[in-house]
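Visitor: One structure is given below, represented as structure tokens, and several questions about it will come after.
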Amino acid sequence: MRFGPLPVADAEGAVLAHSLKAGTLRYPKGRRLSAADLADLAAAGVTEVVAVRLDPDDVGEDAAAARIARAVAGAGLALTPATTGRVNVMAETGGLLLVDAARLNRLNQVDEAVTVATAAAFSPLAPGAMAATIKIIPFAVPDGLAARVEQAARGDVPALRLAPWRGVRAGLVQTRLPGLKTVTLDKTVAVTEARLAQVGGTLVAERRLAHDPAAVAGALAELSALNLDLLLVIGASAITDRRDVLPMGIVQAGGEVLHFGMPVDPGNLMLLGRLRNVPVLGLPGCARSPRINGFDWILQRVAAGLEVTPADIMGMGVGGLLTDIPSRPMPRHRAIPTPGPQAAPAVAAEFPVTTLVLAAGSARRMGANKLLADYAGQPLVRHAVTAALAANPSRVTVVLGHQAAEVRAALRGLDVRFIEAVDHAQGLSASLKAGLGGVAGGTGVLVCLGDMPRVTADTHRRLLACFTAAAGRAIVVPVAEGRRGNPVLWPADLVPAMAGITGDQGARSLLAAHADRVVDVPSDGGVLLDVDTPDALAALRTLEPVA
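Residue 454 in the UniProt record's numbering sits at position 454 of the sequence shown, with consecutive numbering throughout.
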């Protein structure tokens, strides 16, 4: 191919390299000049054009693009007619784009004249969506070059294919714990149905049951009998270990856990299992949101009939950092303070937590201030505060109100900070708001009740350790006997919402609103025992104090 200026008199059959305007003449780039064109150009005073002449062994840009497109595209993909050296590859139906990236990279390195650009591998495509475009850069390429590119495109299967949606039929299992609202479960169903519809699937059945391995196993066995293509399980709290409720339920149903965790965020806590050759997905909390997350990547492959292996999941890390979702406990861009040489223990240095002990109530049902009642030789409130200090030294704040001077005296000698709630008579939320007002920004809050003397320092430590393991993002709740107790550890971003609560209630209402962020920590019965009545105090005094 020869490129350059040509006298108009010698340009018949040449191809214009640039669009040309002369008087009333308008010739586009790529026009093959005829004798009539040249006569008009000469009449318009044009003496020279920049054009291309093809050599005998050259293949024009359109023909070359069509040849290479045919070599690249496979099942489920259609080709547009070539024009200006370009062919687009379109999805014939909805499905998942399969790309042999290594082969296409080799093809693109044959010569700069030939380019193939594709959508990302495993992109979900709607019918008629563009999967790729082939563009020939010059006006022609040598036939030998086109042949080399075709050779580079060859393989056992085409380098580009579309795996169509298979109409997957799915079942959903949701577990419940106290505080998880029905509206949250209903929303999860709606979001899941919409997600499945996007990949040509349907939700056939749903089961709601206790957050218990045996209950999960029973529900999975029941759904398995429906001959479904996919089983989905989402818990009232996130999966934190292979021995947690959901994975143990899969195992008890006769299935197996293939992989737990994925390098995609949101979606890290994804679980892949199998039950009677049917994939079982233990869903992360972000699956309750319609925004893109790691669950979508797995679902799309299953819906296209592809087997998903642990190796597939572990290979998703590059590009696996996805857009933040509103429920994210800590935005990715937030800096984590670097501990200095005199830093506090790791949990406080990396993800600082203030322990807030609420000790402002008037204890109307007791008839006297229960916090000052004697238990094993010490005021009740001193037991609660001592346990908090043992786990989180120098970071404990006590909220005072009713008989503030007396409660302060009961805690004499302890390294705590005091805040007085002047409006404590308005209810628990007033005390909570006063305490939160003294918490530094960017700090998590472990909210404790001063009338719970059997919450141990070990319980505090395990809650703090779980918070650190969750990168300061989770709501951490102790659970005993199938019930959620106190104290509860809240991430920093929820402190404003906590401060906005009114009336005689704490922050429990937020648990249901943020159920996908809750992590349950198995604990002893001390997290359930508060002292509200004289009978409860009498029962407490029959028990040995905890360490």
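C-beta: ideal position from N, C-alpha, C; glycine also.
#1: Specify, as a first and last residue, the run of the alpha helix (DSSP H) that P496 falls within.
#2: How would you call S289, buried or exposed, if buried means at least 16 neighbouring beta carbons within 10 angstroms?
#3: Can you round the beta-carbon distance between residue 548 and I239 to whole angstroms, since I take them to be within the 8 Å contact cut?
#4: How about the stretch 128-138 and the stretch 198-213: do they share at least three Cβ pairs that are nearer than 8 Å?
#5: What residues in its chain sit with their C-beta under 6 Å from that of P284, if we drop five residues either side in the sequence?
#6: Pop quiz: P474 and V519 are said to be a contact at Cβ under 8 Å. What is the actual Cβ separation, rounded to whole angstroms?
#7: Any heavy atom of the ligand MN closer than 7 Å to the beta-carbon of L358?
#8: Tell me, which residues are paired with L97 by DSSP?
#9: Rounded to the nearest angstrom, what separates F260 and L246 at their Cα positions?
#10: L180: which of T397, A44, S237 sits nearest, CA to CA?
#11: Between the Cα of T542 and the Cα atoms of A434, A499, D374, G435, which residue gives the shortest distance?
#12: Can you tell which of Q174, L97, V149 has its C-alpha closest to the C-alpha of A119?
#13: What first and last residue would you give for the beta strand (DSSP E) that runs through Q174?
#14: Measuring straight from C-alpha to C-alpha, what distance separates S431 and D423?
#15: A492 and G442 look like a contact to me (Cβ under 8 Å); what is the Cβ gap, rounded to whole Å?
#16: Since G294 and V264 are thought to touch, with beta carbons under 8 Å apart, how far apart are those beta carbons, to the nearest angstrom?
#17: Considering only their Cβ atoms, is the gap separating V439 from V477 smaller than 8 Å?
#18: So what does DSSP say about R2, is it helix, strand or coil?
#19: Among residues of its own chain, excluding the 5 on either side of A390, which ones have a beta-carbon nearer than 6 Å to its beta-carbon?
#20: Whose CA, out of T47, A197, P124, lies closest to the CA of P164?
#21: Using the beta-carbon count (16 or more within 10 Å), is N486 buried or exposed?
#22: Using a Cβ-Cβ cutoff of less than 6 Å, which residues in the same chain neighbour R301 once the five nearest sequence positions on both sides are dropped?
Guide: Inspection of the coordinates gives the following:
#1: 495-499
#2: buried
#3: Because the chain in this structure spans residues 1 to 547, residue 548 falls outside the shown range and cannot be described.
#4: no
#5: G267, L269, M270
#6: In the sequence on display, residue 474 carries Ala and not Pro. Sure, about 4 Å apart at Cβ, within 8 Å.
#7: Here there are no bound small molecules, and the ligand MN is not part of this structure.
#8: L162
#9: 11 Å
#10: S237
#11: D374
#12: L97
#13: 169-176
#14: 8 Å
#15: 5 Å
#16: 4 Å
#17: no
#18: strand
#19: A457
#20: P124
#21: buried
#22: V308
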